[in-house]
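Engineer:
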Amino acid sequence: MNSLKSIFRPIKPTNINISFKPDELISNSQKLMLELGLIRQSANGLYHILPFAQRSIDKLISIINKNMMEIGAQKITMPILIQSKLWKTTNRLSKNLEDLYILKDRKSKEFLLSPTHEEVVTNLFSSDPTTYRQLPLMLYQIGTKFRDEIRPKLGIIRSKEFLMKDLYSFDRDQESAIISYNKVCQAYEKIFDHIGVKYIKVDGSSGMMGGSQSHEFHYPAEVGDDTLFQCKNCGFGINKEISPELVKCPKCSSVDIKCTKAIEVGHTFLLGTFYSEAMCAKYSDLDGTLKPPYMGSYGLGVSRIIGASVECLSTQNIIQWPRSLSPFTVCIIPAKEGSIEENVSQNNLSGLYNNLIEIFGDDIIVDDRTHMTIGKRFIEAKKLGFPFVVVMGKKINENPSLYELYDSSSKKSDYYELNNLINFLKKQCLEQI
């Protein structure tokens, strides 16, 4: 039985040795996640991910893995610490020094903590002879990345160390590469649809990555660093970085353009042969000719998606999760110890929990801090954003026992007998699938 009492959730004020600049605490998600013990700051721009937030991340990773498997992408793990000479080969090292963590080992060999792995995966591809029969090839990983942010802010939305999913595709030619590119973009759309937070897909800047085509996925939010132009008529969107001003839509000629601040949570790039040519990566084609593969690069900010989801949906004092990412779907609040409801509550708890396990699996937690009043625990359960809260209060002593069910999406409470409660939650679970 998952016990809230045993969850590690430090909620005292942040360490006095950690300093904040005036503009660093402007994110509502950062405030809520710190105050409610989901994350803990280690240093400026660095955060501990605590049990509740870790469960959300694990759920997101599960959604990502499922969709990657469906398109035939293979999961690997590449080193985070990489030789800087790989980046020198593509000339990216000299262009991006200010963003990189560079260090030397005891033998004075230079390494960097890689923020992205185009060079590394291309070097891996070139390490073994590949034929056209092995293409297309899609390799992805989910791991820690580093970027020396000039101004880390917004908690885990923009930090120096973050969790990212990066995928790399290799194809025979431009036509095949576009097919792979579209396949990954469609998979990303399915991932964001599954998460359930409104997102915007726009034409994006290739930036330090290079390439001929790029798209970005954003969550609209006032604290976002990006500004998007979007046509209200046809939905076409573009980042302001590409077009500082958009008066007329290039797709439908409409002048009904809206401007939106947003947080970038995903990015895709069609790279062509830049990296494969620079790294001398080749495959053997049908006629035996050695050719550079056409590549694509695709990223999802895993930890950023968690923080941005909280930012987009929450109120000032209450976290609102997309149900797909909530740490637990159901929180049960038993009666207070010493109350007249305690005996019936204790007797009914196991049966209720076991019934809910059949519906939600391990996605139920019991707030067993029964030294606290039901009211205090209920307020905290609402703040933590559990989609459903089952309260075993005064009406639990009625015959038959009545359970109070709070639905965070509707902000309403209703009373149910056990069978009706189970049937209602079962229906909610099926609607979510």
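With UniProt numbering, the residue at position 325 of the sequence shown is 325, and numbering never jumps. Beta carbons are placed, not taken as given, at the ideal position from N, Cα and C, and that holds for glycine. This one's a predicted model, so the numbers in the text were calculated from it and none came from an experiment.
Looking at the structure shown, is K411 part of a helix, part of a strand, or coil, going by DSSP?
Structural biologist: K411: coil per DSSP, three-state reduction.
Engineer: Does the distance from the C-beta atom of K240 to that of T227 stay below 8 Å?
Structural biologist: Yes, these two residues count as a Cβ contact at 8 Å.
Engineer: To the nearest angstrom, report how far apart Q428 and F52 are at their CA atoms.
Structural biologist: Approximately 22 Å, taken between the alpha carbons.
Engineer: Output the distance between the C-alpha atoms of F229 and I257, rounded to the nearest integer angstrom.
Structural biologist: Their Cα atoms are separated by approximately 7 Å.
Engineer: Terminal residues of the continuous beta strand (DSSP E) containing F236?
Structural biologist: No beta strand (DSSP E) holds F236; DSSP gives it neither H nor E.
Engineer: Just the C-alpha distance for I357 and D363, rounded to the nearest angstrom, thanks.
Structural biologist: C-alpha separation (whole angstroms): 7 Å.
Engineer: Given a threshold of 16 other Cβ atoms within 10 Å of its Cβ, counted over all protein chains shown, does M69 qualify as buried or as exposed?
Structural biologist: It counts as exposed.
Engineer: Within the chosen definition, does the stretch 133-149 reach the stretch 257-276 through at least 3 CB pairs nearer than 8 Å?
Structural biologist: No, the stretch 133-149 is not in contact with the stretch 257-276.
Engineer: Over the uninterrupted alpha helix (DSSP H) stretch that includes G307, give me the two end residues.
Structural biologist: From DSSP, the alpha helix (DSSP H) with G307 extends over 302-313.
Engineer: For I76, which residues of its own chain have a beta-carbon under 6 Å away from its beta-carbon, when the five flanking residues on both sides are left out?
Structural biologist: So the list reads L139, Q141, once near-sequence residues are dropped.
Engineer: How would you call E431, buried or exposed, if buried means at least 16 neighbouring beta carbons within 10 angstroms?
Structural biologist: So E431 counts as exposed.
Engineer: What would DSSP say about Y132, mapped onto helix, strand or coil?
Structural biologist: The answer is helix: DSSP assigns Y132 an H, G or I state.
Engineer: Going by C-alpha distance, which of A278, K107, G72, Q41 is nearest K88?
Structural biologist: It is A278.
Engineer: Do the CB positions of L4 and I365 come within less than 8 Å of each other?
Structural biologist: In this structure, I365 lies closer than 8 Å to L4 by Cβ.
Engineer: In angstroms, rounded to a whole number, what distance separates the CA positions of I200 and H215?
Structural biologist: Between I200 and H215, the C-alpha separation is close to 10 Å.
Engineer: Would you check if the distance between the CB atom of I157 and the CB atom of E311 is smaller than 8 Å?
Structural biologist: Cβ atoms of I157 and E311: closer than 8 Å.
Engineer: Going by beta carbon distance, what residues of the same chain come within less than 8 Å of H371, once the five residues before and after it are set aside?
Structural biologist: Here the set comprises K336, E337.
Engineer: Have a look at T302 and L163 and give me their C-alpha separation to the nearest angstrom.
Structural biologist: The residue asked about is misnamed: residue 302 is Val in this sequence, not Thr. Rounded to whole angstroms, V302 to L163 spans 5 Å at the Cα level.
Engineer: Please list, in chain order, all residues of the same chain as L290 whose beta carbon is under 8 Å from its beta carbon, the five residues on each side excluded.
Structural biologist: Hits under 8 Å: K282, Y283, S284.
Engineer: What would DSSP say about V197, mapped onto helix, strand or coil?
Structural biologist: In this structure, V197 counts as coil in the three-state DSSP scheme.
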